[in-house]
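What follows is a short report on a single structure.
4 protein chains.
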Amino acid sequence: MNAKIPVAVLAAKGSVGQRFVQLLDGHPWFEVVALTGSDRSIGQTYRTACHWILSDSMPAWAAEMTLVPSEPGPVMNGARLVFSALPSDIALRVELGYARAGVTVCSNASAYRCETDVPVLLPEVNPEQASIVPIQRRLRGWSGAIVCNPNCTATGLTVALKALRDAFGLSRAFVVSLQAISGAGYPGVASMDIIDNVIPYIGSDEEGKVESEPQKMLGRVVGDAILPADFLISAHTNRVAVSDGHMVCLSVELKQKPSLEEVTHALSAYQAPEVSRDLPWAPHPPILLRSEPDRPQPRLDRWAGKGMTTVVGRLRPDPLFHYKMVILSHNTVRGAAGGSLYNGELLAAMDLVK
Amino acid sequence: MNAKIPVAVLAAKGSVGQRFVQLLDGHPWFEVVALTGSDRSIGQTYRTACHWILSDSMPAWAAEMTLVPSEPGPVMNGARLVFSALPSDIALRVELGYARAGVTVCSNASAYRCETDVPVLLPEVNPEQASIVPIQRRLRGWSGAIVCNPNCTATGLTVALKALRDAFGLSRAFVVSLQAISGAGYPGVASMDIIDNVIPYIGSDEEGKVESEPQKMLGRVVGDAILPADFLISAHTNRVAVSDGHMVCLSVELKQKPSLEEVTHALSAYQAPEVSRDLPWAPHPPILLRSEPDRPQPRLDRWAGKGMTTVVGRLRPDPLFHYKMVILSHNTVRGAAGGSLYNGELLAAMDLVK
Amino acid sequence: MNAKIPVAVLAAKGSVGQRFVQLLDGHPWFEVVALTGSDRSIGQTYRTACHWILSDSMPAWAAEMTLVPSEPGPVMNGARLVFSALPSDIALRVELGYARAGVTVCSNASAYRCETDVPVLLPEVNPEQASIVPIQRRLRGWSGAIVCNPNCTATGLTVALKALRDAFGLSRAFVVSLQAISGAGYPGVASMDIIDNVIPYIGSDEEGKVESEPQKMLGRVVGDAILPADFLISAHTNRVAVSDGHMVCLSVELKQKPSLEEVTHALSAYQAPEVSRDLPWAPHPPILLRSEPDRPQPRLDRWAGKGMTTVVGRLRPDPLFHYKMVILSHNTVRGAAGGSLYNGELLAAMDLVK
Amino acid sequence: MNAKIPVAVLAAKGSVGQRFVQLLDGHPWFEVVALTGSDRSIGQTYRTACHWILSDSMPAWAAEMTLVPSEPGPVMNGARLVFSALPSDIALRVELGYARAGVTVCSNASAYRCETDVPVLLPEVNPEQASIVPIQRRLRGWSGAIVCNPNCTATGLTVALKALRDAFGLSRAFVVSLQAISGAGYPGVASMDIIDNVIPYIGSDEEGKVESEPQKMLGRVVGDAILPADFLISAHTNRVAVSDGHMVCLSVELKQKPSLEEVTHALSAYQAPEVSRDLPWAPHPPILLRSEPDRPQPRLDRWAGKGMTTVVGRLRPDPLFHYKMVILSHNTVRGAAGGSLYNGELLAAMDLVK
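Below, the structure is given as structure tokens:
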């Protein structure tokens, strides 16, 4: 890793795009060579075009960059890896262009998540599914590739389910989310809709994603496709007046019922596979199990492990299934930009970025 | 009902006590003859002693009343019915005193809810359980009586479960609550704990109450005791930054699986039993079923039916159980003061107030 | 007033438009004969097109109405008075059309507020300025007319300044506002911008309006024009995380320094002029002076006098000027739709609606 | 500075106490040798006794410390400097004990702020007033000393006033604050009082402190006393739903009216005196002047300069006085624990800690 890998951020102005810029600041492996924006903002500096909503300052190098169009081309300055915060409808077309043009895409969009040869990756969970990238290239004739990170609510949930499934097998899970407003982007949720309120609805697809993406991530590569795991999830998704940090209430039925001590151990001792354990944005620890009766809480726990750690707490028996617990993860870091970045590091470490 | 029944409010200064005062203003059957307070406030006018936190003004008649001690005695001015907002530990002793002294107590406390001869009443659900009051009097040698209203989160949930159970039988239910801060009383939840946050914990007993109280309310009187119904509930309870209105996400498994149309009908056509249907604080309708994808919401729906209606929405199939839905009810009205008041009306209508 | 006056609401879908519909429900003098919407919504029912954000239900008569274009024409069903919630740039053109077509416009927009022959009216303050309407008609050759209500932050402020100026004369005022999110319309303020935050900026014009509109309203008609009063105001305007209710901190220098008792009396005894005192939406009282150290507060006081009363509190000496106080008024009721409606009533009572 | 100075934190469990512990973690000059608590918590570990409400984790060294009483004694383990977060009534007695016992107290309490021989210090503003410490020792016969940091709202305000006064002289200032809930400690403000609300009242003394403390801090040592400066301030203070960060709207009249360019320069070029400029917790820069129309904002700007920088923005002409602006500073960092710590560093650098 002598020279840094040139990377670009697609849709750098939005709330996930800003996180990409923030987290890429000073990255040891990647160097940002292009930031893209919408038609209106092309040609403006990032400082001028971007309504920066993070509490850290905009990095100086980013402020001076001129926004370019999101389509592949010479303006991308030779980026070999692109981090995409594009909306799904645009991602469908634009990410395809990059894959064809030989560039590897780490996408935060849902556009390609359901394709059987596109991995949905959490490096601390299923880095082995990255092995489908060469298959994807062969099947589709791409010289580049597309890999996705999951829906932000599915993220922390899947990390916890992985630890449980590895230890005890997994049958069924009930899931109710309390999701932060930053998950809806910017401007996103109107303040009139969320002050002194809860919205029991995220969008027409959200619950389906939370029910199906963990199955795919905990599945395995069989032949040319990823075969989903066979457990079932029921999800309710809600929006609450929290800036960052998605919380999930989980009741889980395992293949065999462990003792409380065994579950505690399975969660707190969980380790990422070796290939992803020490990457720059790897979470330390991958799961933090808290023992207080009233944790995790978004305001207090979302920044655990620089926002990459999945925080679990309130582990207790469940009268219907086996155990209840609460899971928290930072939705725009672990669940979006940080997750994509970690995926990019995994691909680089596995020599899958060309 | 020529002369009004003299009533008192115990612990009138707190957040539930204030709702009692507000809802009793102009009541057609009841006349408030005493308001009680803690040691420090006894002898002060209600105006002086009470930090009024409701957006309607304090009723003028209440403002001028002098606070008296909560124990039974001549200062109660002959109240025949008392509405108790006492904390449970104090309720245990004080409510007993009233029952012995011939006064009927409608209690908002949990102190007596688990007693097999004390009914936990929702008049639109189980008014027939009021028939245990004469048994309670005989067994305990009381000339008065104690009846309870349920935990505020169990309230709306039980109304919905009743409609479903009547129509299809009920096996199991998953429940996750998003509860308002007013449920913790005043001062209650510290603002530092809830601004930009969720607390996944209400108190050590809350989930147990939500799991067991619906069983009792949907049970039946057998001999001298109320026998709980045999379905099972798993509950997660959470505090969110909402002033009033508890929301519940419910996944339910019924004895027989109905069509979506049948469930819709069972909920929207639900009627209170005749004895409670037209009482002054009866909810109209008992259940309001909304069809929008994003309702109910606390800010928009908590005042349905003057805060007494249970609002249900987002009815949809569940991948594990049969149906998912969202339930909202106003926690300090239907779930506390309004519920107690409705219980008092039921007892008066059944001639159970001496 | 035998037959009701036919009225229309322009831009009925927005947050102020919804308040118009809500407040016109059951109005004794006015009957809504048309609701207008933007291009996209024309032809849809109000129920379908409108994302209703008020906690009372949408009135049934409104739900069934079909939205028509905002321009004058036969679709207006003979409305003689229109209540306009149009954005200012569109109001400029469309309201002019109505005035020419013989219809009287009560406008919530700022488009015409600076015209010297267009009155900015608060009926409890300056109903005499309505006398310029015939002059406006003559000067402009209109058979209709345009009257405005002031900026929502200037509203409560001007009511208080009027009472003070009548009694003691007025020299200078410092004003800092804490404004509710509903003042920005819907979707308006992004939740990411206001949760756990304050925005010290409302828009490029807001402070200028708050500094100049009270001068005009407390001025007088001289010849064919309204001559502003000669006191000076300095305004800072801020957005806070409050749903409804604009608060203003005021420090005021009067022509002669009264005692605290005299100021108290001037504010609490203030009466609207006779012509506006008993109109259907007249505030009772026009000013409510509270004596608690911590009032007014938006959540507790915004609904005083059905949202039409100006609530003043924290009256105390000022080390630089004469007195400090805090003023609250409901920004979408008294400061917008209710204010326009009250203006319409004034014009009708003065026989200025043709 | 070879060996670290042993220090203690008085009242370490509260919201300011927690900030002291957080900011002292890894301090280059100071080593915490004692944490004190209230009667109930003495003998418990800090981990057990403290309801930690900060989003960073409790430092491990602090978690294991056992809480001791706040009074001076051997349990203080030889602390030479104590940082006091005691409530003012207790501070009056306890801080005196330390001063008599030879220990230097950096107090966050208001108990001694009005004493003419006790300096209220902001090291970037008035480090020269620390020269009164030897006088204080002589006058009172103390071997220790007491120095205070100002009220949290006066803090940022005084930094800005200092820069303005140095350049142009200062006559009068209007000040309206929008203060964060953390300023009231923990549990502090009840959530029912601040969700969807503003409270136009902080406490009976707050406005007086904001009006008088800047006079003292910008005054000078004359003989044995600090003589306040002669400008006048009028303050309104308000509580808003913000977790951290006090905002102040300021209108200022200077001795001579500068151009906008000159004011801009005076604020942005302001430098701390040499003695305090490079201390470990010195703010860099002392004042950050922002040029956007809508900044500073608490959520975005409170962490400028690690929470020590005073952020100024919205500089513009004022119709009554000379200039308007908005000032933000972090109330529990610059305005409390960080301020005290910076004071301690100043005293250590001036060799005033024995």
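As they're listed, the protein sequences go chains A, B, C and D.
Residue numbers for the first sequence follow the numbering used here, beginning at 244 and rising by one.
Residue numbers for the second sequence follow the numbering used here, beginning at 244 and rising by one.
Residue numbers for the third sequence follow the numbering used here, beginning at 244 and rising by one.
Residue numbers for the fourth sequence follow the numbering used here, beginning at 244 and rising by one.
The C-beta atom is built at its ideal place from N, Cα and C for all residues, glycine as well.
Going along chain D, which residues have a C-beta under 8 Å from A/D439? Within chain D, the residues near A/D439 are I438 and D439.
Option in C/A322, C/S298 and C/A292 with minimal Cα separation from C/L310: Minimum Cα distance to C/L310 is reached at C/A292.
Does chain C have any CB closer than 9 Å to the CB of D/G243? For chain D, the structure presents residues 244 to 597; residue 243 of chain D sits outside this window and is missing.
With DSSP as the reference, identify every bridge partner of A/M490, one or two as the case may be. Paired residues: A/L421 and A/L571.
Check whether chain B comes within 9 Å of D/A591, counting only Cβ atoms and requiring the distance to be less than that. So no, D/A591 is outside the interface.
Does A/G431 come within less than 9 Å of chain C when only Cβ atoms are used? Output row for A/G431: interface = yes.
Taking 9 Å as the threshold (C-beta atoms), are B/C395 and B/A547 in contact? Not a contact, by the Cβ cut-off of 9 Å.
Grouping DSSP H, G and I as helix and E and B as strand, with all else coil, what is C/H508? In the three-state scheme derived from DSSP, where H, G and I count as helix and E and B as strand, C/H508 is classed as helix.
Indicate whether at least one CB of chain C lies closer than 9 Å to the CB of A/V485. Judged by the 9 Å Cβ criterion, A/V485 is in contact with chain C.
Given that B/I445 touches chain D, what residues does it touch there, using C-beta distances under 8 Å? Chain order gives no chain D residues near B/I445, where near means a beta carbon separation below 8 Å; the closest approach is about 14 Å.
Partners in chain B for A/C492, counting only beta-carbon separations shorter than 8 Å: Within 8 Å of the CB of A/C492, the CB atoms of chain B belong to V419, P443, H479 and N481, in sequence order along the chain.
Going along chain D, which residues have a C-beta under 8 Å from C/I476? Residues of chain D passing the Cβ test: P562 and L563.
Rounded straight-line distance, which links the Cα of C/S519 to that of C/L589: Near 6 Å, if we compare the C-alpha coordinates of C/S519 and C/L589.
Check distances from the C-beta atoms of the stretch 515 to 543 of chain D to those of chain C and list, in chain order, the residues that come in under 8 Å. Taking 8 Å as the cut-off between beta carbons, the residues of the stretch 515 to 543 of chain D near chain C are P536, D537, R538, P539, Q540, P541, R542 and L543, in sequence order.
For B/T279 and B/W272, what's the separation of their Cα atoms in angstroms? Rounded to whole angstroms, B/T279 and B/W272 show a C-alpha spacing of 20 Å.
Spatial neighbours of C/A423 in its chain, beta-carbon cut-off 7 Å, leaving aside the 5 residues before and after: Cβ within range, chain order: V485, S486, D487, G488, H489, P541 and N574.
Completely contained beta strand (DSSP E) runs for the stretch 292 to 377 of chain B, where each covers 3 or more residues: Listed in chain order, they are 324 to 327 and 347 to 350.
So that I know if they touch, is there some Cβ in chain B lying closer than 9 Å to that of C/D282? For C/D282, the answer is no, since every Cβ of chain B falls outside 9 Å of its Cβ.
Does any CB atom of chain C fall closer than 9 Å to the CB of D/G556? With respect to chain C, the C-beta atom of D/G556 has a partner C-beta closer than 9 Å.
Inter-residue spacing [alpha-carbon to alpha-carbon] between D/E314 and D/T398: So the alpha carbons of these two residues sit roughly 28 Å apart.
If you reduce the DSSP assignment to three classes, tell me which class D/M244 lands in. Residue placement at D/M244 cannot be trusted, given a pLDDT of 49 that sits under 50; what the coordinates show is reported in the next sentence. If DSSP states are grouped into helix, strand and coil, D/M244 belongs with coil.
In chain order, what residues of the same chain have a beta carbon less than 8 Å from the beta carbon of A/D332, not counting five sequence neighbours either side? Answer for A/D332: A354, listed in chain order.
Taking only three categories from DSSP, how would you classify D/G412? Three-state result, D/G412: coil.
Using a beta-carbon distance below 9 Å, is A/M244 in contact with chain D? For A/M244, the predicted structure reports a pLDDT of 49, less than 50, and the residue's modelled location is therefore unreliable. A value from the coordinates is still provided. Not an interface residue.
In the stretch 513 to 593 of chain B, which residue ranges form an unbroken alpha helix (DSSP H) of at least 4 residues, counting only runs that do not cross its ends? List check, alpha helix (DSSP H) in window: 517 to 520, 541 to 544 and 581 to 592.
Are the beta-carbon atoms belonging to A/P302 and A/V264 less than 9 Å from one another? In contact: A/P302 and A/V264 (Cβ atoms closer than 9 Å).
Tell me, please, whether the CB atom of C/G578 is closer than 9 Å to any CB atom in chain D? False, the Cβ-Cβ gap to chain D never drops below 9 Å.
CB contact below 9 Å: C/V569 versus chain D: Yes, because at least one Cβ of chain D sits closer than 9 Å to the Cβ of C/V569.
Quick one: Cα of A/V441 to Cα of B/V569, how far? When rounded, the distance between both Cα atoms is 11 Å.
Taking a Cβ distance cut-off of 9 Å, strictly less, list which residues of the stretch 286 to 300 of chain A are near chain D, in chain order. Result list: W295, I296, L297, S298, D299 and S300.
What does the Cβ neighbour count give for D/K597, buried or exposed, with the cut at 16 atoms within 10 Å? Per the 10 Å Cβ criterion, exposed.
Would the beta-carbon of B/E449 fall within 9 Å of that of B/I476? In this structure, B/E449 sits away from B/I476, with a CB-CB distance that is not shorter than 9 Å.
Could you name the residues of chain A that B/R415 contacts, counting a contact when the two beta carbons are closer than 8 Å? L563, listed in chain order.
On the DSSP letters alone, give me the boundaries of the alpha helix (DSSP H) that D/R262 sits inside. Residues S258 to L267.
Going by DSSP in three states, A/I438 sits in which element: helix, strand or coil? Correct three-state label for A/I438: coil.
Assign D/A255 to one of three DSSP states: helix, strand, or coil. Residue state, collapsed to three classes: coil.
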